[in-house]
Amino acid sequence: MMTNDTQNPLLAVRDLRTYFHTFSGTVKAVNGVSFEIGEGEVMGLVGESGGGKSVVGFSVLGLIDEPGKIEGGEILLDGQDLVTAGEDRLREVRGREISMVFQDPMTSLNPLHTVGRQMDEVLRLHTKLDADARHQACVEMLESVGISQAAERLKAFPHQFSGGMRQRVVIAIALLARPRLIIADEPTTALDVTIQSQILKLMRQQIADKGASMILITHDLAVVSEMADHITVLYCGNVVERGKTRDLIETPSHPYTRGLIDSIPDTAHRHDRLMQIPGSVPDIRNLPKGCNFRDRCPRAQALCAQQEPVLTKQHATLWAACHYPLKPGETA
Amino acid sequence: MFGYLLKRLIQMTLVLWVVSVIVFLMMSFTGDPVFMVVPIDATDSEIAQARRLLGLDQSPLVQYWRFLTSLVQGDFGQSYVFRQPAMTLILERLPATVEMVLVAMVMAVAVAIPLGVYAGANPEGRLSRTIMAGSLLGISLPGFWVGMVLIYLFAVHWGVFPSSGRGDTAELFGLRISLLTWDGWHHIILPAVTLSLGTMAILLRMTRAGMMEVGRQDFMKFARAKGATRHDVLYKHGLKNALIPVVTIFGLQLGDLIAFATITETIFSWPGMGKLLIDSIYRADRPVIVVYLMLVALIFVVINFLVDLVYTLIDPRISLK
Ligand SMILES: Nc1ncnc2c1ncn2[C@@H]1O[C@H](COP(=O)(O)OP(=O)(O)OP(=O)(O)O)[C@@H](O)[C@H]1O
Ligand code: SF4
Ligand SMILES: [Mg+2]
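As given, the protein sequences belong to chains D and W, one line each in that order. Per the UniProt record's numbering, the very first residue in the first sequence carries number 1; after that it's consecutive. Per the UniProt record's numbering, the very first residue in the second sequence carries number 1; after that it's consecutive.
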């Protein structure tokens, strides 16, 4: 039984399929993804570039644009489906129930509006507070994300802030209406290393304070292993493995997860140099039959080319989609 | 701020000075104005005397100096034809041109912005394609032809709008304004539409291009992720970011329309500056032409300055320097 298989999860994504119908073919960016998040939980969503992590995040908020479309599945918030919900309902959800922090703080804020106006917008949209109360709430929130002289800073424009400060503003905006779930899409990759850890610490603390849940999207397993309660690993739009953070990091059962862990620099694993997963992500428009990972997999056998593996229960809390999963203690 | 204004003022003066040199040179190469003032049967000595009176017997440098000093004093001389101060003639007709141009610009903006935003936000839609095809027509059809077609349809065929003249005007601060009377509005519609179509099409295309560019930016998606309505995302976040090039073109077009309202005014017998200019060119009425050219130069320079001010209102990253 996985810890996140709670009776009433906050968010349950079931068999989500999000496709992009481009000129050069259909991109099945997310092709049957399922996961659950309970109240107050942090879930890591990891995988290499192009795995579909951002598309999952945008799908949850109903922000998939042409030529993309959610072709199937359910996104249940408190058991209510968002895929079939209308735009009005989605607008209530966005920012209020579920908010999002984007990868690049340099481009997430409107350059022509003051920071104060951009913060205020969320409160105007989602609360009935009057102008004074909204102002007060903005000041407090900015201070709580570590920006001093908040009342003054509200009058400033984004270009007057550093990257780290802007990401703090974005986080403040994401937290303002006290959402229950925050989707953080690589919130620190654009920042330099010292700022990265500050921001992550801040997010963890804020989430804990507010009792919110979080989907932390990243390609960096090291980051996620510190913060997440459980992890979902995506490859080519499919979940290849999921489970509690400790089990998944210490004894992964899927060869892809193993590869990701081995390519974390500076880990306890005794590797002289960084190991990269050999090969590259296949063209998602025409995936091979069988397992998507088989061209890069050290354990691949004949069956892998014929039959697509499905998620099955492994040791501890892990579920993996692999015909020849690793047992605890096996390396590759 | 004060330093900036001073700098701009000096710049503007310099531009106007250069224009004055060009205007002076142009005037000296285009025929001898003395024949405009003397009677047909004037004797040689009469002509010589007129020449002395006009200062045309002096060296070009002296002539230019006199030209410049009188310009600076606001003395543009008498119209050879009307025997009135040239300045007065132009200023009398300025309101007619300006109000026609303003109505045209307002119409252009009122149509171009919403349609441009729509076409930029839904680039693949059928309606957007129709709008874009229409804007291509607006750019490529010559104004005089459009004017004639409008006259044929609305004035001759259906008889809903008059085809010429300004109609009734009312006086405001000593200026005669058509827009204060119903009849004036009735008269201004056709010429203003004619004048606005080209600008409308250009502004529409600029707005669309800007919106498409802005639409790809993260902050637009972030605004949606906050729960903003589609309308707010497009107009409050998108449009403002797409506006700089639109304002630039707006300024250029505004100057252009004032300067080149000539054709429209001629077609619709609209009693504005442009029509006076054409008449004055036919009659080699130098002082009037000079006033017109200097005034148009001044208008361009001022619009240019205002556009720069508007930039700073739109974008806090642009400062007056
Ligand atoms: N608008 C779009 N049109 C076409 N294809 C798209 C679009 N958006 C995403 N995709 C495709 O969907 C797949 C998943 O993209 P996604 O951005 O979710 O990857 P990701 O896991 O977030 O990667 P990264 O780590 O680079 O952010 C990619 O193959 C991408 O090319
Ligand atoms: S199914 Fe086969 S190819 Fe795919 S990951 Fe498992 S062992 Fe490797
Ligand atoms: Mg991404």
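For each residue, glycine too, the CB sits at the ideal point set by N, CA and C. Keep in mind that this is a model prediction, so the values were computed, not measured.
Taking 9 Å as the cut-off, decide whether the C-beta atoms of D:V233 and D:L260 are in contact.
For the purposes of this step, residue 233 of chain D is taken as residue 233 along the first sequence, with counting starting at 1. For the purposes of this step, residue 260 of chain D is taken as residue 260 along the first sequence, with counting starting at 1. A contact, by the Cβ cut-off of 9 Å.
Within-9 Å CB hit, W:A225 to chain D:
Within the second sequence, numbered from 1, the residue matching residue 225 of chain W stands at position 225. Chain D, which has a Cβ nearer than 9 Å to the Cβ of W:A225, makes this yes.
Could you tell me if W:T207 is buried or exposed, where buried requires 16 or more neighbouring beta carbons within 10 angstroms of its beta carbon?
In the second sequence, residue 207 of chain W corresponds to position 207, counting from 1. W:T207 comes out buried.
Quick check on DSSP: helix, strand or coil for D:L191?
Numbered from 1 along the first sequence, position 191 holds the residue referred to as residue 191 of chain D. D:L191 falls in the coil class under three-state DSSP.
For chain D, check one thing: does any of its Cβ atoms lie closer than 9 Å to the Cβ of W:D308?
Sequence index remark: in the second sequence, residue 308 of chain W carries index 308 (1-based). Cβ-Cβ to chain D under 9 Å: no for W:D308.
Any C-beta of chain W sitting closer than 9 Å to the C-beta of D:I173?
One-based indexing of the first sequence puts residue 173 of chain D at position 173. Chain W, which has a Cβ nearer than 9 Å to the Cβ of D:I173, makes this yes.
Would you call the CB atoms of D:L77 and D:L181 closer than 9 Å?
Looking up residue 77 of chain D in the first sequence gives position 77. Looking up residue 181 of chain D in the first sequence gives position 181. Yes; because the gap between Cβ atoms is below 9 Å, this pair is in contact.
Consult DSSP for D:I284 and reduce its assignment to one of helix, strand or coil.
Start at 1 with the first residue of the first sequence, and residue 284 of chain D comes out as number 284. In the structure shown, D:I284 sits in coil (DSSP, three-state: anything other than H, G, I, E or B).
Can you list, in chain order, the residues of its chain with a C-beta nearer than 7 Å to that of W:L89? Leave out the 5 residues immediately preceding and following it.
Taking the second sequence and counting its residues from 1, the one referred to as residue 89 of chain W is at position 89. These residues qualify, in order along the chain: S79, F82, L276, V288.
Nearest to W:L16 by alpha carbon, out of W:L309, W:M294, W:Y311?
On the second sequence, residue 16 of chain W is found 16 positions in, with the first residue counted as 1. Answer by Cα proximity: W:M294.
beta-carbon D:E186 near ligand 3 non-hydrogen atom, thresh 8 Å:
Counted from its first residue, the first sequence places residue 186 of chain D at position 186. Yes, Cβ of D:E186 sits closer than 8 Å to a heavy atom of ligand 3.
Using the three-state DSSP reduction, which class does D:Y19 fall into: helix, strand or coil?
Here residue 19 of chain D is taken as the residue at index 19 of the first sequence, counted from 1. Strand at D:Y19.
beta-carbon D:Q196 near ligand 1 non-hydrogen atom, thresh 8 Å:
Within the first sequence, residue 196 of chain D is the residue found at index 196, counting from 1. Incorrect: D:Q196 has no Cβ contact closer than 8 Å to ligand 1.
So D:I37 and D:L10 are supposed to be a Cβ contact under 8 Å. How far apart are they, rounded?
As a first step, residue 37 of chain D must be located in the first sequence, where it is residue number 37. As a first step, residue 10 of chain D must be located in the first sequence, where it is residue number 10. So it is a contact: roughly 6 Å between Cβ atoms.
Where the alpha helix (DSSP H) through W:R317 begins and ends
What you label residue 317 of chain W is simply residue 317 of the second sequence in a count that begins at 1. No alpha helix (DSSP H) contains W:R317, which DSSP labels as neither H nor E.
Would you decide whether D:M165 is buried or exposed? Buried here means 16 or more other CB atoms lie within 10 Å of its CB.
Within the first sequence, numbered from 1, the residue matching residue 165 of chain D stands at position 165. The residue in question, D:M165, is buried, as its Cβ has 16 or more Cβ neighbours within 10 Å.
Is the Cβ of D:V239 closer than 9 Å to any Cβ of chain W?
To locate residue 239 of chain D, count along the first sequence from 1; it is residue 239. It does not; no Cβ of chain W falls within 9 Å.
Distance cut-off 8 Å: D:S49 Cβ against heavy atoms of ligand 4
By its list of ligands, the structure shown excludes ligand 4, since it contains just ligand 1, ligand 2 and ligand 3.
Consider the C-beta atom of D:I215 and the heavy atoms of ligand 3; say whether any pair is separated by less than 8 Å.
Here residue 215 of chain D is taken as the residue at index 215 of the first sequence, counted from 1. No, the beta carbon of D:I215 sits no closer than 8 Å to any heavy atom of ligand 3.
With a cut-off of 8 Å, do at least 3 Cβ pairs link the segment 58–76 of chain D to the segment 140–150 of chain D?
no
The beta strand (DSSP E) with D:L313 in it runs from where to where?
Along the first sequence, one-based indexing puts residue 313 of chain D at 313. Note that residue 313 of chain D is Lys in the sequence shown, not Leu. That run of the beta strand (DSSP E) goes 311–313.
Pull up the distance between the alpha-carbon of W:F306 and that of W:P271, whole angstroms please.
Your numbering for residue 306 of chain W matches position 306 in the second sequence. Your numbering for residue 271 of chain W matches position 271 in the second sequence. Contrary to the premise, residue 306 of chain W reads as Leu rather than Phe in this sequence. Cα to Cα, the separation comes out at about 27 Å.
Contact residues within the segment 239–250 of chain W, judged by C-beta distance below 8 Å to chain B
Looking at the structure shown, chain B is missing, and the protein chains on hand are D and W.
Partner residues on chain W for D:E121, Cβ-Cβ distance less than 7 Å:
On the first sequence, residue 121 of chain D is found 121 positions in, with the first residue counted as 1. Those are K226, A228, listed as they occur along chain W.
DSSP puts D:M214 in a beta bridge; with which residues?
The count along the first sequence starts at 1 and reaches residue 214 of chain D at position 214. D:M214 pairs with D:V42, D:I182.
Hey, quick one: how far does the alpha helix (DSSP H) through D:N110 stretch, first residue to last?
Translated into positions along the first sequence, residue 110 of chain D becomes position 110. No alpha helix (DSSP H) contains D:N110, which DSSP labels as neither H nor E.
Per DSSP, what kind of secondary structure is W:L252 in: helix, strand or coil?
By 1-based counting over the second sequence, the position of residue 252 of chain W is 252. In the structure shown, W:L252 sits in a helix (DSSP, three-state: H, G or I).
Chain W beta carbons: is any one of them nearer than 9 Å to that of D:R326?
Here residue 326 of chain D is taken as the residue at index 326 of the first sequence, counted from 1. The question names Arg, but residue 326 of chain D in the sequence shown is Leu. Taking Cβ atoms only, chain W never reaches closer than 9 Å to D:L326, which makes this a no.
Cβ-based neighbour list, D:P252, same chain, cut-off 7 Å, excluding 5 preceding and 5 following:
One-based indexing of the first sequence puts residue 252 of chain D at position 252. Counting only Cβ-Cβ distances below 7 Å, and skipping sequence neighbours, we find E241, R258, I261, L326.
For D:S54, verify whether its CB is less than 8 Å away from any heavy atom of ligand 3.
As a position in the first sequence, residue 54 of chain D is number 54, starting the count at 1. It does: the Cβ of D:S54 is within 8 Å (strictly closer) of some heavy atom of ligand 3.
Since D:P288 and D:R296 should fall inside the 8 Å C-beta cutoff, what is the C-beta to C-beta distance between them, to a whole number of angstroms?
Residue mapping note: residue 288 of chain D aligns to position 288 of the first sequence, counting from 1. Residue mapping note: residue 296 of chain D aligns to position 296 of the first sequence, counting from 1. That pair is no contact at about 11 Å.
Give me whichever residues DSSP pairs with W:P85 in a beta bridge.
Residue 85 of chain W sits at position 85 when you count from the first residue of the second sequence. According to DSSP, which records beta bridges pairwise, W:P85 is partnered with W:Q78.
Of the residues W:R166, W:R126, W:G116, the one placed nearest W:L234, counting alpha carbons only:
Taking the first residue of the second sequence as position 1, residue 234 of chain W is located at position 234. Checked all of W:R166, W:R126, W:G116; the closest Cα to W:L234 is W:G116.
Rounding to the nearest angstrom, what Cα-Cα distance links D:R204 and D:L90 in this structure?
Working through the first sequence from its first residue, we reach residue 204 of chain D at position 204. Working through the first sequence from its first residue, we reach residue 90 of chain D at position 90. Near 26 Å, if we compare the C-alpha coordinates of D:L90 and D:R204.
When W:P316, W:V301, W:T312, W:I314 are compared against W:Q11, the one with the closest alpha-carbon:
The residue you call residue 11 of chain W lines up with position 11 of the second sequence. Taking only the C-alpha atoms, the option nearest W:Q11 is W:V301.
Strictly by DSSP, which residues pair up with D:N238?
Counting from 1 along the first sequence, the entry for residue 238 of chain D is found at position 238. Note: D:N238 sits in a beta bridge opposite D:Y235.
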